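Take a look at the structure set out below.
Number of protein chains: 2
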Amino acid sequence: MSEPSSPASLISTTADPGAEAVAELLGMLAYGELLAFERMASDARLAPDLDRRAVLSEMAAAEITNYQRLAARLAELGAEPQQVMTPYVQPLQAYHNRTEPRDWLEALTKAYVGDSVADDFFREVAAFLADRDRQLVLEVLHDSRYGEFAADEIRTAIAADPKLANRLSIWARRLMGEGLSQAQHVAAARPTLATLIITGAGDQDGVTALLRRLTSAHGARMNAVGLNN
Amino acid sequence: MSEPSSPASLISTTADPGAEAVAELLGMLAYGELLAFERMASDARLAPDLDRRAVLSEMAAAEITNYQRLAARLAELGAEPQQVMTPYVQPLQAYHNRTEPRDWLEALTKAYVGDSVADDFFREVAAFLADRDRQLVLEVLHDSRYGEFAADEIRTAIAADPKLANRLSIWARRLMGEGLSQAQHVAAARPTLATLIITGAGDQDGVTALLRRLTSAHGARMNAVGLNN
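In order, the protein sequence lines correspond to chains Y and U.
Per the numbering used here, the first sequence starts with residue 1, numbered consecutively.
Per the numbering used here, the second sequence starts with residue 230, numbered consecutively.
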């Protein structure tokens, strides 16, 4: 805790012009962890047996540890976690309301498709941060084991019933469409954060290349579990 | 009071009638932890702000650590956690389906009233167990901070709006009625567990005295937050 600087001045006077943007980014990630926790805890109820239900609940609990690390870092930066998370409540809630899974496999596909794209995005943006925050973001992302678990379950389900692939592919495309729509709202509403990304990527071409990498990794992931893009 | 049995004999002697009862008890508690986790995670969505939502999510995650300790102990005892939890799924689900909270204060009252009675029950029964399992049960119960948090919130809400006391008192009585009804189903369906309790309490009078202690502590808790029994 640096005594002389008040929380507000810590952010505005630091040599790093991106401090506010960093708080916005960590705030988005922190809220994402809270939501991931809630979603996984809620998905656990759809699990076909108690073993899977327990596994999912344990993975959900791990997200809270991640949330706590991010909230602690935000406090260090002089930011109020609640305040920096608030702008993301509405768009992320809108995404989740429009993509409520109807069963276990839709829930897993949502986690596999949505969380992975979000993780890739944060991993890309982490490269634009100073050492310590980059490290924190990468460690928090690394801790998430839900994607792998979900991929195994989806692959096994499609192997047992190949007709599932079509329904889940349509579902996955809908998830991407709704996700992109909300991402555009966030980018438009958070110019500071958008600037961090454009500056980090170099220019508009850099951003386009970044988006292309996200799309291409998404396509590869879809193929890897037997879904088509 | 209770028939002394060493932890070693519980592990190695499958014929020991006490070992099966202990596994049944720990299985009930383990499933209770999973359900508490899910309920608190779900209650978090009803929280009026992000701070309370995060606090509740963090408390929920702590229940998973408790679950993991109980599951590890069950495995040591040679019991399959999924198997010993299964008998409690239906009655506990029935209780929760019949007592779905409609808002934040109903959710908190449910946690405060229901969890506290359950905790008292497990604390009483822990006294009938051998050292190691008694210690485990007491530690797991001690970790739960939701009750205190809920009590503070209920007290504050009633102080701000005294008319709430009546609605929440009716709600609390309904919770107790539904809880007792399911407890009777469990007792009838699990004679081994029922025997552990009767033997531990000494006789039927001992059980009656135990129930009287639970009821009296419940009444005191109701009064402590401004609810009437």
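Every residue, glycine too, gets a C-beta built ideally from N, C-alpha and C.
Computed from a predicted structure; not experimentally measured.
Which word fits residue i, buried or exposed, when buried means at least 16 other C-beta atoms lie within 10 angstroms of its C-beta?
i	result
GLU76 (chain Y)	exposed
LYS392 (chain U)	exposed
GLY247 (chain U)	buried
ILE293 (chain U)	buried
PRO310 (chain U)	buried
GLY256 (chain U)	buried
ILE399 (chain U)	exposed
SER116 (chain Y)	buried
GLU262 (chain U)	buried
GLY448 (chain U)	exposed
GLY307 (chain U)	exposed
ASP272 (chain U)	buried
ALA283 (chain U)	buried
ASP49 (chain Y)	exposed
ARG39 (chain Y)	buried
PRO4 (chain Y)	Confidence is the limiting factor: at PRO4 (chain Y) the pLDDT is only 40, short of 50, which leaves the residue's position unreliable, though a coordinate-based value still follows. Flag for PRO4 (chain Y) reads exposed.
ASP72 (chain Y)	Per the sequence shown, residue 72 (chain Y) should be read as Ala rather than Asp. Looking at its Cβ environment, which holds fewer than 16 other Cβ atoms inside 10 Å, ALA72 (chain Y) is exposed.
MET230 (chain U)	For MET230 (chain U), the predicted model reports a pLDDT of 41, less than 50, meaning its position is unreliable and no value from the coordinates is stated.
ASP280 (chain U)	exposed
ASP362 (chain U)	buried
ASP119 (chain Y)	buried
Does the distance from the C-beta atom of residue i to that of residue j stay below 8 Å?
i	j	result
ARG396 (chain U)	PRO316 (chain U)	no
ALA107 (chain Y)	LEU46 (chain Y)	yes
ARG374 (chain U)	VAL454 (chain U)	no
MET451 (chain U)	ALA401 (chain U)	yes
PHE128 (chain Y)	ALA270 (chain U)	no
LEU264 (chain U)	LEU299 (chain U)	no
ALA252 (chain U)	VAL313 (chain U)	yes
TYR296 (chain U)	GLU407 (chain U)	no
VAL436 (chain U)	ILE426 (chain U)	yes
THR192 (chain Y)	ALA21 (chain Y)	yes
LEU180 (chain Y)	THR99 (chain Y)	no
ALA386 (chain U)	LEU456 (chain U)	no
Does any heavy atom of the ligand ATP sit closer than 7 Å to the C-beta of residue i?
i	result
ARG331 (chain U)	Absence of the ligand ATP is noted for the structure shown, with no ligands found whatsoever.
*asked:* What are the residues in the segment 74-95 of chain Y lying within 8 Å of chain U by C-beta distance?
replied: Listed by position, the residues of the segment 74-95 of chain Y near chain U (Cβ gap below 8 Å) are PRO81, GLN82, MET85, THR86, VAL89.
*Please determine if the segment 188-204 of chain Y and the segment 136-153 of chain Y are in contact, where contact requires at least 3 C-beta pairs separated by less than 8 Å.*
No, because fewer than three Cβ pairs between the segment 188-204 of chain Y and the segment 136-153 of chain Y fall closer than 8 Å, the two stretches do not touch.
*chain Y contacts made by the segment 275-298 of chain U, where a contact means CB separation under 9 Å*: The residues in question are ASP278, LEU279, ASP280, ARG282, ALA283, SER286, GLU287, ALA289, ALA290, ALA291, GLU292, ILE293, THR294, TYR296, GLN297.
*Would you check if there are 3 or more beta carbon pairs closer than 8 Å linking the segment 372-391 of chain U to the segment 435-444 of chain U?*
Touching, no, given that fewer than three Cβ pairs across the two stretches are closer than 8 Å.
_Taking beta-carbon pairs under 7 Å, can you tell me which members of the segment 248-271 of chain U lie near chain Y?_
The residues in question are LEU263, PHE266, GLU267, ALA270, SER271.
*Going along the chain, which residues of the segment 383-413 of chain U sit with their C-beta nearer than 8 Å to a C-beta in chain Y?*
For the segment 383-413 of chain U, which is checked against every Cβ of chain Y, not one residue is closer than 8 Å.
*Taking contact to mean at least 3 C-beta pairs separated by less than 8 Å, is the segment 286-303 of chain U in contact with the segment 340-353 of chain U?*
No, because fewer than three Cβ pairs between the segment 286-303 of chain U and the segment 340-353 of chain U fall closer than 8 Å, the two stretches do not touch.
*Of all the residues that make up the segment 355-379 of chain U, which are near chain Y by a beta-carbon distance shorter than 9 Å?*
Cβ contacts with chain Y come from no residue of the segment 355-379 of chain U.
*the segment 105-116 of chain Y: which residues have C-beta closer than 8 Å to a C-beta of chain U, in chain order?*
Near chain U, meaning a CB-to-CB distance below 8 Å, no residue of the segment 105-116 of chain Y qualifies.
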